Amino acid sequence: MNEIKNNSSLSIQDKRVQIHQLFATLPDGTLDKLPLPKECDNLPADVREKIKALWRQHDLPIEKKKEQFEALIKTLSPELQKQLCGQMCG
């Protein structure tokens, strides 16, 4: 994943697609062990679980995952939305 993130020849969207493809190859047990990004630390436990559940939807296209993530963000307080979107949205 670091190779993808550090590849300056890839656009941000290309990096997201490649990381999505990488995650799609991982078994659920492995995904469950991965920590969420630090921006998620202050989220309620149920929201963190919903994010992890999105990770486990291997057959869901990246565009649909993004839509579901954005819908989830809209359910949060403005403070939590700002915390997340400062780093993860866009």
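Each residue of the sequence shown is one higher than the last, beginning at 12 in our numbering. C-beta atoms are modelled at their ideal positions from N, C-alpha and C, and glycine is treated no differently. Computed from a prediction, not measured in an experiment: that's the story for all the values here.
A straight line joining the alpha-carbon of S20 with that of H31 spans about 18 Å. Within 10 angstroms of the beta-carbon of L45 lie fewer than 16 other beta-carbons, which makes it exposed.
Between K49 and L65, the gap from beta carbon to beta carbon reaches 8 Å or more.
DSSP places P89 in the uninterrupted alpha helix (DSSP H) bounded by P89 to C96. Rounded to the nearest angstrom, the gap between the Cα atoms of C51 and R59 is 7 Å.
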